[in-house]
Structures are given as C-alpha cells and as structure tokens.
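Residue numbers (the UniProt record's numbering): 1 to 693. Take a look at the structure below.
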Amino acid sequence: MSLENPQRYTVTAALIYANGPIHIGHLAGCYLPADIYVRYLRATGKDVAFISGTDEHGVPITIRAQKEGITPQQVVDKYYVQIKRAFEDFGISFDLYSRTSKPIHHETSREFFLNLYHNGHFTEEVTEQYYDETAKQFLADRYIVGVCPVCGNPNAYGDQCENCGSTLSPTELKEPLRSMLSGAKPVLKATKNWYLPLDRMQPRIEEYVNSHPEWKTNVMGQCQSWLKEGLRPRAMTRDLDWGIKVPLPDTDGKVLYVWFDAPIGYISMTKEWAEQQGKDWELYWRNKDTKLVHFIGKDNIVFHCIIFPAMLMHEGSYILADNVPANEFMNLEGDKISTSRNWAVWLHEYLDELPGKQDVLRYVLAANGPETKDSEFTWKDFQTRNNSELVGIFGNFVNRAVVLTQKFCEGKVPAKGELNETDQAVLNELAQFPDRIGQAIEQYRFREALTYLMDLARLGNKYLAETEPWKVAKTDLPRVNTILNIALQISASLSIVCEPFLPFTAEKLRKLLNTDRITPEDAVGSAFHWINAGKPDLLPHGHALGEAVLLFEKLEDEVIAQQITKLHESKRMNELATKTIPEAKPAIQYDDFAKMDIRIGTILEAERVPKSDKLLKLKVEDGTGPRQILSGIAKHFAPETLIGKQVTFLANLAPRKMMGLESQGMILMAEDRDGSLSLIGPDKAVWNGGTVS
C-alpha cells in the first residue's frame, strides 16, 4: 500500500539516452507529469529531491556515434548540454540533472555490483550470444535487428520493438536477423556473463507488486503479464567496450548492463545533489519514511517495477518505489512519433521558434497526457486550446478583472462590502478548488487536476458575466468594489494553483497582481503558499496592482501552418536521406544493349495532352525530320521550358498509342531520390540524330 504521511519524497524521471534531442513524446511521457507533481509538493511545503539525468552508456549511444562519425564520448557531451538546456528553458525544475558518465556514478555502480557479487546474488553462466564475425564483436541486443514476433515490424531491435512497444530478446526475433554494425547475419558464440536470477526472486517480487493495488492499470497489467509468464535470469553484464567496466579480474571487454547501471544513477545523482546541498543522501534512499516515485514511459515499466526492485531487494538497505505512474505514448498528427523518421516536435526547436510559449506547450501536453491510453498531439488542437482555453478563458478572466479594477478602482484592490448570495456561493466554491486540484495531482491524475484549474478560471468568468460590474458601476460603485475584490481574490488563487502546470504564467500573474509586495502580515494566514489558496482575502484592501499585461496571446493560422509544413518537410527530407539506391537489374549481354538505338534530338514543340495530367506531346527533330513522342513528364516540366532542349531518346522503340495518339520513341530521364526528373542531354550541342553508344 502507498506510504501515508511521508516525511520526504524522492522523485525520479527516466534517464534518457544522450543520443538525440528531447521531443514532445518524452515530455508527455514522464518529464512534465513529474514536474507538475514536484512543483505541487514544493508548494505544499514538502521536502523533495527531484532527480534525473542522461543515460550515457546505452548501445543507442554507440549507434549514434557510428552514424555521426564521432566518438561515443563526443555524442554524450553534445547531447547532455542540449538536453539539459532545453529542460531548463522549458521549466522542468530538477533539483539535479546529471549524467551517468560522472565518476560518482561509476563508483556507486561498481560498489553495487560487487555487493551483489560477494553476497552470492549473481550466477555465472556461459551462454551462446550473437556475434558479428565481420565486425569481430559480440552484439548487444540493440545491435541486432529482425522481424518482431508480435507485430511483424521488420526493423525490431533485439531488446524492444519500437513499433508495438513489446520487450524482446534477440532469440525471439524472426528471420532475417542482421547486425547493425556490418549488416551481416550474426552467429552464436560462447561467452561468460553474470546473471540476476529473477526466477528465484519471483515470490518476493510478486509480493511487492501485489502490495500496490493502487498502481495504474497499465503498470499493473504489464507487471502481472511478466509474472504470469514466469521470470527468467537476466544478464547484468554485456560484451561491449562502451560502459562501466565489470569490476572483476579477467573481464576485459565486458561492461555492466545498461539497465543495471542506469537506475543506480538515481542513487548516485542523489548522492551528488546531497553533497552539494549539505544533506544526508541516505535519508532519501534508505529511510522508510521516504516516498520514492519513479516517473517513466510505458516502455520502461518492467525495468522499474521488476528488475530494479530485485536489485534493491538483494542489496537489502534501500527503499522500494511507492509508485511508478508510467504513461502511455503520445502520437503526432495521426502517426507514431519516430526519431528515426524525424516525425517529432523537438523541444529545442519549439523553444526557438515559439519563444515565450513554454506554458502553451505545457498546457496542451498536460491536457492531452497519455495517462491511461495513447494520446495524440496535433498543431490544430494546440492552436484551439491556446485560443479558446488559455486566451479565451484563463487570460480573458484575469484581464477583465485587472482592467476593470484599473478603470473603477484606480488599480488598487477595493474594499469588500456586504456579500450577497451569489458572492458567498462563489467564495465557497473557490475554497474547494485547491483541495480538488491537489488530490488529483497526488493521485497522478494530472489531466483531471488541469480541468479543475480551468474550472476555477471559468468560475471567475461566470461570476463577472452574472454580476456585470461594468453596468452596476453606473448606479452602485460600492457593489462594484465587492465584485472586483472577489474577482481579484480568484485571480490570486489562480496564481498559486496554476504554478505546477503553468510556472511562467504564474510568475507573470504574480507580477501583474504585485504579490511580491504582500507580506505575511498583510495577508490573512501566512504568505502566498498552497495552504492559503482558495482564501477570500489573499489580496489586502488598498493593495496596488502591477502593470497590466496579457497572460496569453492568440495564435494565428499562419504560425500553425508553418509548423505543420515544417513537420512534413522534415519527414520528407529524412526519408530522402535514408532512401537506398535501387537494386541493379539482372545482367544482360552486349548484344541486348546493341539492339537499342539511342540518339540525340532537339525538341521543336511541346504541349499538354488533353484529358491527361501526365502526358506531354513532344515534336522532336531526329535529323531526318520531326517525330512525335509522348512522355509522362507533365508534372515535372512546363511545356514551354522544353522547347529548344536537346534530349536523349530511344529511337527504335516500337510505336505505341496513348490517349489516341501515337508515340514514336521514348525520352530518357534521370530520376533523383525525391522522384524529380532531369533531362539527359549532351554537355555541348551535337547534331540531331547523333547516336549514343
């Protein structure tokens, strides 16, 4: 069961491979939910360590290095900086964002491995592993590609299919297997590695998993599926050159399995943070009053709910995760996000191209969060939610409350007079929202919490619409004062409860309300903290508001169109970059070639063929007179641009009728990788009818 009344929280977000930039799928999967949760905990005065970093030892690192022609170290150095900066600019409020290449992590991982080794928790096994005879290297699971046994994807990795999300082993892949290093078919070769006997631990792991019936159904379902199939020993070392060296004699060429060392990174990074802050790291990992929460995507459930807990159980001194609120996947414009196909919205590009709109993306991703099933991001929905909800509801209410206060109250919080039934009902409702939002966040229902937040803004809009202070001002200014006081108190509460979701907006709203100048003595209760949200007198009478600014701005169609065009163009360019040269046709004899009469001619006339969107009718001078050739190039050339061009054509192709017209030959073209066509002509003018040999 979940820990009640924890004294502190250790919150982790998945360690992402430092082999590429962050995209919206990463954000929606775990980083944004984790940040919302942590910001809420801090707002309620909780002691929190929010830890994450880059995983720099995975095989994807070496694959990226191979593609870019640089070393693995250069890859991780490059992407760590980019990822860290993007998270900071987006407002993900890690207490520490580190990396697994640091000495403290290597040391912690080796100590952990040796603890399990010396206490007899590993088994040594000689097994046959796939080996690339061309590259002279054992192949990690990610270096092996084959057909997924679940969905039939022909490019599934040896550890996971990115198409259907299935966790695999190389032996489960269907033929043909191939090495990503050389393309050769791998062979099996004997090697020794150290295994964690998960099969022996199944009863303890089952007890742990079953003690948390409050876990999300997708998490529990995947765990129970693995347990039902029966756990099997899993190798904790690999035959590789890149990674943390196995700390045992005679183990050259062997490193710790990335899924052994990566979760230990949460511990080593907490040590690093605690040392910087003068804290005791053990309180956050070994004290039973600490609540440990892992935020991950669904593809990491097994590692965080079964393998890592098994490691911690064997070590014996660490707490286990209280919850692992894994999200499903976010799709993009009707298709799965794919880094290999460049079908993604990249965070660093978004921040550059839509400056100052971090909270718009945070809002849309949270509103569409894939909490229980896969969800989808579209640029049109992004625009609609910004214009209709952030601008039309949240921003509209705050702006009206402030502008009306400036107009009728000289920009100062007016005194609250006698309350009528409507006023009291609104204040009673206001008081309920912080608890509603907080409970939903604590139960990892972030979409629900965000709905409550927007309902609070709707409450403000409805109140102003019903009370109509702009009309009442003609006859009853004291009544206007009461209405605007209540509207401003709602705005003040919004500035508190929106902060986990919209931190940049919260800061703008606090400046607009000038809350920094409010001391605990001025406000009833204490200062501006979650505990005071929902109170009817956060802003004292006479308090001067700050400069009025719009919290959000409307997004025009052109901005959205540019993003959609860019997305499709990026995908197209990636497809072209990865397109392979067509396979060569079967060999022919010289006599076959000699039968073709290829000549040079000049185009005299060119026009479109009526009722055809493909054909052009060309009149070509071949040296003996003009001949008519029909060519399916109308989508590539305007007829007038072809006149006077010398072309290469097949002269002895048997005449053929198309669209009622006879074609006496074939124009030869060169096709580029994008399907565009180019004329093939001599590099200088030659006589018409000249032969090509």
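Note that CB positions come from ideal geometry on N, CA and C, so glycine has one too.
- Task: Give the DSSP-derived three-state secondary structure of residue 17 in the structure shown.
- Result: Residue state, collapsed to three classes: strand.
- Identify the continuous beta strand (DSSP E) that holds residue 268 and give its terminal residues. That residue, residue 268, is in no beta strand (DSSP E); its alpha helix (DSSP H) goes 258–277.
- What residue does the alpha helix (DSSP H) around residue 664 start on, and which one ends it? No alpha helix (DSSP H) contains residue 664, which DSSP labels as neither H nor E.
- Item | Length of the line joining the Cα atoms of residue 627 and residue 621 | Across the structure, residue 627 and residue 621 are spaced so that their CA atoms are roughly 6 Å apart.
- Query: Taking Cβ positions, are residue 464 and residue 400 nearer each other than 7 Å?
  - Reply: By the CB criterion at 7 Å, residue 464 and residue 400 fall inside the cutoff.
- Item | Close beta carbons around residue 234, own chain, < 7 Å, minus the five adjacent residues each side | Once the five neighbours on either side are set aside, the close Cβ partners of residue 234 are 195, 196, 198, 307.
- Query: Do the CB positions of residue 534 and residue 493 come within less than 7 Å of each other?
  - Reply: In this structure, residue 534 lies near residue 493, with their beta-carbon atoms less than 7 Å apart.
- Item | For residue 219, the first and last residue of its enclosing alpha helix (DSSP H) | Run containing residue 219: 217–229, per the alpha helix (DSSP H) assignment.
- Query: Per DSSP, which one or two residues make a beta bridge with residue 160?
  - Reply: Answer is 167.
- Between the Cα of residue 701 and the Cα atoms of 443, 171, 353, which residue gives the shortest distance? This structure gives no information on residue 701, because the portion of the chain shown stretches from 1 to 693.
- Message: So, with DSSP's three-state summary, where would you put residue 551?
- Response: Residue state, collapsed to three classes: coil.
- Item | Close Cβ partners of residue 452 (< 8 Å) along its chain, the five nearest in sequence each way excluded | Apart from sequence neighbours up to five positions away, the residues of its chain that approach residue 452 with a beta-carbon distance below 8 Å are 433, 436, 437, 440, ordered along the chain.
- For residue 50, which of helix, strand or coil comes out of DSSP? In this structure, residue 50 counts as strand in the three-state DSSP scheme.
- Item | beta strand (DSSP E) segment containing residue 627, residue limits | Residue range 626–631 is occupied by the beta strand (DSSP E) that includes residue 627.
- Pull up the distance between the alpha-carbon of residue 608 and that of residue 676, whole angstroms please. Distance between the alpha carbons of residue 608 and residue 676 is about 19 Å.
- Can you round the beta-carbon distance between residue 144 and residue 130 to whole angstroms, since I take them to be within the 8 Å contact cut? With a beta-carbon spacing of about 6 Å, residue 144 and residue 130 fall inside the 8 Å limit used to define contacts.
- Query: Can you list the alpha helix (DSSP H) stretches of 4 or more residues lying completely in the region 476–511, in chain order?
  - Reply: With a minimum length of 4 residues, the continuous alpha helix (DSSP H) runs that stay inside the region 476–511 are 477–497.
- Item | Pairwise C-alpha distance: residue 387 and residue 570 | Approximately 26 Å, taken between the alpha carbons.
- Message: Using the three-state DSSP reduction, which class does residue 384 fall into: helix, strand or coil?
- Response: Helix, per DSSP.
- Message: Whole angstroms are fine: how far does the CA of residue 538 sit from the CA of residue 525?
- Response: With a pLDDT of only 38 at residue 525, under the threshold of 50, the placement of this residue in the model should not be trusted; the figure read from the coordinates follows. Roughly 8 Å separates the two Cα atoms.
- Task: Put residue 430 into one of helix, strand or coil per three-state DSSP.
- Result: Helix, per DSSP.
- Message: I'd like the list of long-range same chain contacts for residue 305, defined as Cβ closer than 7 Å, with 5 residues on each side in sequence excluded.
- Response: Taking C-beta separations shorter than 7 Å and ignoring five residues to either side along the sequence, the partners of residue 305 in its chain run 209, 219, 223, 324, following chain order.
- Find out if the Cβ-Cβ distance for the pair residue 272, residue 104 is shorter than 7 Å. Taking 7 Å as the Cβ cut-off, residue 272 and residue 104 qualify as a contacting pair.
- Task: Could you check how far apart the C-beta atoms of residue 110 and residue 247 are, in whole angstroms? I think they sit under 8 Å.
- Result: Yes, residue 110 and residue 247 are in contact; Cβ-Cβ is about 4 Å, under 8 Å.
- Task: Please state whether DSSP places residue 322 in a helix, a strand or coil.
- Result: Here residue 322 sits in coil by DSSP.
- Task: Closer than 8 Å by C-beta to residue 309: which residues in its own chain qualify, once you throw out the five before and the five after it? Chain order, please.
- Result: Cβ within range, chain order: 205, 208, 320, 321.
- Message: Taking a contact to mean a Cβ-Cβ separation below 7 Å, would you say residue 36 touches residue 345 in this structure?
- Response: No. Outside cutoff.
- Message: Distance check for residue 365 and residue 381, CA to CA, integer angstroms please.
- Response: The C-alpha of residue 381 lies about 11 Å from the C-alpha of residue 365.
- Expressed to the nearest angstrom, what Euclidean distance is found between the alpha-carbon atoms of residue 558 and residue 600? Between residue 558 and residue 600, the C-alpha separation is close to 48 Å.
- Task: Let me know the secondary structure DSSP gives residue 237 once reduced to three states.
- Result: Strand.
- Message: So, with DSSP's three-state summary, where would you put residue 524?
- Response: With a pLDDT of 39 at residue 524, under the threshold of 50, the modelled position of this residue cannot be trusted; read the value that follows with caution. Residue 524 falls in the coil class under three-state DSSP.
- Task: Classify residue 293 as helix, strand or coil using the three-state DSSP reduction.
- Result: Strand at residue 293.
- Is the distance from the Cβ of residue 373 to the Cβ of residue 328 below 7 Å? In contact: residue 373 and residue 328 (Cβ atoms closer than 7 Å).
- Between residue 694 and residue 505, what straight-line distance do the alpha-carbon atoms span, to the nearest angstrom? The question about residue 694 has no answer here: the residues shown for the chain are numbered 1 through 693.
- Message: Counting C-beta neighbours from all protein chains within 10 Å, is the total for residue 684 16 or more, i.e. buried, or is it exposed?
- Response: Exposed, by the Cβ-count rule.
- Step through the CB atoms of chain C and report whether any lies within less than 7 Å of the CB of residue 648. Absent here is chain C; the protein component of the structure consists of one chain.
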